[in-house]
Ligand SMILES: [Zn+2]
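Residue numbers (the numbering used here): 260 to 446.
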């Protein structure tokens, strides 16, 4: 993956694939659309037929808890495990160095949610802890809906960009830059 033309073609095709997956996910969603709701899509660069989609906020937390319970855990222990691992990660330097208050209540972004309430940390947990995947082999591509019901690319927020670009595959950052410019990296 050293040829810039090939990289840009790969980024474009991943973006289109992810858009289709996010659209299908939003269309099947019963938990209600709102303009802050993000669907993060992760696609493997090793096998592009492998993908996952998760929502932000409580719906995403519920989805992830359900997946972990499918592995045999009770609801309470699944939820405790997710919260514990994500708090540990987001509090670490490589996870952005958030305080507990920033993790659960209010981080760096104007959206006012804690660092663990986004879709991206849930995807990180799903890939790393539940699927035992190398996160660096996965491109994360988030979307949301505008007020006029258009599905749009939604770059990682100011909480997530403290850690997302260095853990997921570098194409995640290239796509963010191509879609949003340098703004996608501003602290
Ligand atoms: Zn975020």
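Just so you know, even glycine gets a beta-carbon here, dropped at the ideal spot from N, CA and C.
Model, not experiment: these values are computed from the prediction.
Hey, quick one: how far does the alpha helix (DSSP H) through residue i stretch, first residue to last?
| i | result |
| --- | --- |
| residue 285 | 263-287 |
| residue 378 | 378-384 |
| residue 402 | Counting along the chain, residue 402 falls outside any alpha helix (DSSP H), though it belongs to the beta strand (DSSP E) covering 397-404. |
| residue 335 | 334-350 |
Tell me where the beta strand (DSSP E) around residue i begins and ends.
| i | result |
| --- | --- |
| residue 312 | 310-314 |
Can you tell me whether DSSP reads residue i as helix, strand or coil?
| i | result |
| --- | --- |
| residue 429 | coil |
| residue 367 | coil |
| residue 299 | strand |
| residue 413 | coil |
| residue 450 | A question about residue 450 goes unanswered here, because the residues of the chain that appear run from 260 up to 446. |
| residue 391 | coil |
| residue 359 | helix |
| residue 304 | coil |
| residue 439 | helix |
| residue 317 | helix |
Ligand 1 and residue i: does any heavy atom of the ligand fall closer than 7 Å to the residue's C-beta?
| i | result |
| --- | --- |
| residue 441 | no |
| residue 379 | yes |
| residue 429 | no |
| residue 418 | yes |
| residue 415 | yes |
How should residue i be labelled, buried or exposed, when 16 other C-beta atoms within 10 angstroms of its C-beta is the threshold for buried?
| i | result |
| --- | --- |
| residue 361 | buried |
| residue 375 | buried |
| residue 380 | buried |
| residue 364 | exposed |
| residue 401 | buried |
Below 7 Å, is the gap between the Cβ of residue i and the nearest heavy atom of ligand 3?
| i | result |
| --- | --- |
| residue 298 | Among the ligands present in this structure, namely ligand 1, ligand 3 is not found. |
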